Structures are given as C-alpha cells and as structure tokens.
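Numbering (this note's numbering), first residue to last: 23 to 214.
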C-alpha cells in the first residue's frame, strides 16, 4: 500500500480539534496547515493525530461539501422527512420517522418511532448499533428489553416522560406494553 499525503478541509479539521478543546498546535510535526486545507504527509501521521485526539480516524473523512444550514439553523418539515417500516421475523415492529438530519453533524440521528409490536409477537432484539442512544417515551407505556453482559434477557417498563440511555452494541428492543394501545418514542443516536 502506498502511504501518500492526505489533504482535508481546514475548517473541518479545526472543528474536530475544537470539539476536543485542542488547537492547531496539536498538528505541529504531523501536518502542514495551508490557507484552506490541512495536509498530512501520510495516513500514519493522520492516525497519530486521531489517536492523540481519541477519536475514530473516520471522523476526519466524515465531512460533506456544501452547507445545508440557513444561518446556523435547519428546519425539517413533517411531510418532507424519510420514513420506513421495520419488520422482524414477519412482525411489524416500528415505523421510523427521521427528525432533522444535517451535514453539520453527521454523527447525530434523531428519530420518532411508532411502536407496532407487543408481547403477542415473538421477541426479536436488534443486534445493537455503533452509537450511543437516548430514548424518551412521548406517548403510552413501553416495554424495553435488552441483553445484559451475561447475555441474559432483561426487561423494564417505561411510562410517558421516562427516558433511557443505551451504550453502543447493546442488543435491545421496544414494544407496546399494552396490546392494541400504540406507543411512541423519540430516539436520539449519536457518536462522539
């Protein structure tokens, strides 16, 4: 593999540094700072900076050209966002509705979920995901189930206004607690 130089937008690299309360000085001896870009002489040098900042190296490449904000704001309208239904083993589990998404923060995913399953359907946990998650119950009563560190099934009931934090890669599932009474949650997935 040829280890060639990597040029990244200066504003993006400085934004990553600022998020860690670091300055351009962290790049000394590892990169050249130009007017509009930062040039790393090799992937290895970029990895040194990523390790020093304690962030995944992929964050350096997760920038989008173009701006989807209007004076620092983006509003998403209900009828203009992405929506999809999820089925697990033939059971209708969720309808996902994206809330606002922005290129300004690609590690953030906010969703509204309509819950369709209840205890009458077979339990099917997700496999976990690579982001942290905060879930807030906006309507109804919700059963949450997850696997603990010993792969034992755990369960609790959340009421309207309750919330839960879930670490990455913890298998879990949400369902209606009461049959024929639909619940709704807001899930905010994020990466540091």
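A virtual CB, placed ideally from N, CA and C, is assigned to each residue, including glycine. Being a predicted model, the structure only gives us computed values, none of them experimental.
In summary, residue 197 is buried, with 16 or more beta-carbon neighbours lying within 10 Å of its beta-carbon over all protein chains present.
When the Cα atoms are used, residue 41 and residue 112 turn out to be separated by approximately 43 angstroms. In this structure the region 64-76 does not touch the region 104-119; the number of beta carbon pairs closer than 8 angstroms is below three. Judged by DSSP in its simplified three-state form, residue 125 adopts coil rather than helix or strand.
Three or more beta-carbon pairs drawn from the region 159-167 and the region 194-212 are found closer than 8 angstroms, and the two stretches are therefore classed as touching. For residue 161, the enclosing beta strand (DSSP E) starts and ends at 154-161. About 5 angstroms separates the beta carbons of residue 193 and residue 169, which is inside the 8 angstroms limit, making them a contact pair.
Secondary structure note for residue 61: its beta strand (DSSP E) is the uninterrupted segment 59-62. Annotation for residue 166: the continuous beta strand (DSSP E) segment containing it runs 164-169.
Residue 188 and residue 34 have their C-alpha atoms roughly 29 angstroms apart. Take the alpha-carbon of residue 160 and the one of residue 93: they are about 30 angstroms apart.
Judged by DSSP secondary structure, residue 44 falls outside any alpha helix (DSSP H); it is assigned neither H nor E.
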